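Novice: No gaps in the numbering here: position 4 of the sequence shown is 17 in the working numbering, and each next residue is one more.
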Amino acid sequence: MLAGGTGITPMFQVARAILENPKDKTDIHLIYANVAYEDILLKEELDELTSRYPNRMSVYYVLNQPPEGWDGGVGFISKEMIQVHCPAPAEDIKILRCGPPPMNKAMAAHLEALGYISEMQFQF
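1. Rounded to the nearest angstrom, what separates residue 116 and residue 14 at their Cα positions?
2. Compare the beta carbon distance of residue 22 and residue 31 with 8 Å and say whether it is the shorter of the two.
3. Would you kindly report the start and end of the unbroken alpha helix (DSSP H) that includes residue 30?
4. Residue range of the alpha helix (DSSP H) that residue 103 falls in?
5. Can you have a look at residue 65 and say buried or exposed, based on whether 16 or more other CB atoms are within 10 angstroms of its CB?
6. Below 8 Å CB to CB, which residues in the same chain sit around residue 123 once its five sequence neighbours on both sides are set aside?
7. Going by the beta-carbon positions, is the gap between residue 24 and residue 111 smaller than 8 Å?
8. Which residues in the same chain as residue 59 place their Cβ atom closer than 6 Å to its Cβ, once the five residues preceding and following it in sequence are excluded?
9. Mind reading off the beta-carbon distance from residue 41 to residue 70? Whole number of angstroms is fine, and I expect it under 8 Å.
10. From which residue to which residue does the beta strand (DSSP E) around residue 70 run?
11. Is the distance from the Cβ of residue 88 to the Cβ of residue 77 below 8 Å?
Written out as structure tokens, the structure reads:
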């Protein structure tokens, strides 16, 4: 999952539905980008999900203007971040993305360059 700003809303709903369904064994890898720490929506709820399901959900936060001492990503979501924090392209992989139009355009280009074909991608 790749989310930017308010684009976290559908991602959170999907993640929660997956994790709370005992029959669904889907793993979730979320990269969530914002401008500043204060802009991170649903952080407490996301952190709670990662605490409750540590083997099934991970969140990597990215900030364009990080506070001093920040240990997450800095800048914009990059191809390298996707390679490190998301599973490699495969038939059973789906990459969901939701964010501002420029971000969605950049993410589509990154994903294509990394080998995620259009059938592996869904944009909200």
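We put the beta carbon where it would ideally sit given N, CA and C, even for glycine.
Being a predicted model, the structure only gives us computed values, none of them experimental.
Specialist: Per the coordinate set shown:
1. Cα to Cα, the separation comes out at about 13 Å.
2. The answer is no: Cβ separation not under 8 Å.
3. Segment 21-32, the alpha helix (DSSP H) holding residue 30.
4. From DSSP, residue 103 is part of no alpha helix (DSSP H); its letter is neither H nor E.
5. It is exposed - the Cβ of residue 65 has fewer than 16 other Cβ atoms within 10 Å.
6. Close CB contacts of residue 123 within its chain, under the 8 Å cut and outside five residues either way in sequence, are with 90, 91, 92 and 95 (chain order).
7. Yes, they are a contact pair.
8. Taken in chain order, the residues that qualify are 72.
9. Contact between residue 41 and residue 70 holds, with the beta-carbon distance rounding to 4 Å and staying under 8 Å.
10. 70-76 is the extent of the beta strand (DSSP E) around residue 70.
11. At the C-beta level, residue 88 and residue 77 come within 8 Å of one another.
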